[in-house]
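For the sequence shown, our numbering gives the first residue as 1, with consecutive numbering after it. Note that CB positions come from ideal geometry on N, CA and C, so glycine has one too. First up is the structure itself, then whatever we jot down about it.
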Amino acid sequence: MNIDKNIEIAQTPTSSFYTSDKIFEKSKSIFENSYQFICHQSELLKSNSIPFSLFKNWLDIPLVITKEGDNIFCLSNVCTHRGNILCNEKQYKNKLVCNYHGRSFNLDGSINHAPGFKNTKNFPTKDDNIDKNINLLNWNGLIFVNAGQNKSILDGLNEINKLVDWYPFEKLSFDESSSNTYKIDAHWALYCENYLEGFHISYVHQGLSSDIENHSYKTIALNYSVLQIAKSQNKDDSIQGKKLIYDIPLNDVYALYFWLFPNIMLNFYNWGISVNIIEPLSKEKTRIRFISLPLKGHKQSSGNSNSVDQIELEDQKVVLDVQKGIKSKFYDRGRYSAEHEIGTHHFHRLISKYL
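Pasting the structure below:
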């Protein structure tokens, strides 16, 4: 996959990028070595152990987030005795206890008690502790985990942090009622491509289009992230603040849309933040985890023509149509709009670099 750095002459990926089993398998290395958003720290107030499978139904790496005092850990969720899963649901307990043979662990991963091992020599050793050498990042209350080595997303988060250091992150909390999970029969990259350009808004999102200034829509490609800025038609819908974002006053901004390589979207609104995590399941199936993090005293709107849930459904429809089109024998690749598809081009360049 080779994408020219000059968007004015570059061509989009060939259809084989989306249809090849071999290329899809190669993409595992990108995700295995990326930081992924798992939860908001407010969730750890009710449950000090939150189990999850990293890229469930694909990579399936069983992990668990634990909190002990002020310390937050990411641990392997596998018992060091015989490989049983330790924690199957959220809980608030001071130990992780294996329901197979009763071995227990402290919330920092150290072994606590091992019934039946009284006569076992040289036991326990450090290998009997749960592996906690899993990268965890608490970014303004948002918990990210990296089960691999590549830390490029840290650069992306640092890029974003410099632009949103004014944001009241401490007022955010997780709203389960407004969060959702979707599955679509489409390649994961098609969803990202759609997100990374505002070119389609006036054609696909009539409600959103009436709320923003389409002619002033701005896209900035950073190193490992992309920022899109939508200005508001109505001051009441704007993010409040005195800062400037690329010379645009916050009071004029409807939303800041950040994409983090390879698959995370952080969307800043006047009511809070929504997070989209795009998780491949196969080359033609994708799971989208939509997480709502409203500010205290605010609520994500829903059911309107401009609400994020309605926009989500509109995006999914067009992505599904593109999934059908890229398999046509009459289509192979296209060209970029040099004015409108800067973000999509940058995404393809990064994929090309790491694939």
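Inter-segment contact for the segment 273-283 and the segment 183-192 is present: three or more beta-carbon pairs are separated by less than 8 Å.
Residues of the same chain with a CB within less than 8 Å of the CB of phenylalanine 73, apart from the 5 flanking positions on each side, are Ile65, Thr66, Lys67, Leu107, Asp108, Gly109, Lys132, Leu136 in chain order. Check the Cα spacing between lysine 231 and each of Asn223, Leu208, Tyr224, Ala221: the tightest is with Leu208. Listed in chain order, the non-local C-beta contacts of lysine 243 below 6 Å within the same chain comprise Trp166, Leu250, local neighbours out to five positions each way being set aside. Measuring C-alpha to C-alpha distances from leucine 320 to each of Ser47, Leu59, Tyr182, Ile160 identifies Tyr182 as the nearest. In the DSSP assignment, leucine 320 is bridged to no other residue. Contact between the segment 166-179 and the segment 218-228 is absent, with fewer than three C-beta pairs closer than 8 Å.
For alanine 221, the uninterrupted beta strand (DSSP E) run begins and ends at 218-221, by DSSP. Annotation for serine 53: Asp60, Ile61, Pro62 place their beta carbon closer than 7 Å to its own, counting only its chain and skipping 5 residues before and after. As computed with DSSP, alanine 255 is found in a beta bridge with Ala230. For isoleucine 111, the uninterrupted beta strand (DSSP E) segment begins and ends at 111-113.
Here the C-alpha atom of valine 253 lies approximately 32 Å from the C-alpha atom of glutamine 11.
Under the criterion of beta carbons closer than 8 Å, isoleucine 111 and aspartate 128 qualify as touching, at roughly 5 Å. Under DSSP, glutamate 68 shares a beta bridge with Asn71. Restricting attention to beta strand (DSSP E) runs no shorter than 3 residues, the segment 282-312 encloses them at 285-294, ordered along the chain. Pairing leucine 154 with proline 262 gives a Cβ-Cβ distance that is not under 9 Å.
Sorting Arg335, Arg333, Leu355, Ile326 by C-alpha distance to the C-alpha of threonine 19 places Ile326 at the top. Here DSSP, grouped into helix, strand and coil, assigns lysine 56 to coil.
Around the beta carbon of alanine 114, 16 or more other beta carbons sit within 10 angstroms, so the residue counts as buried.
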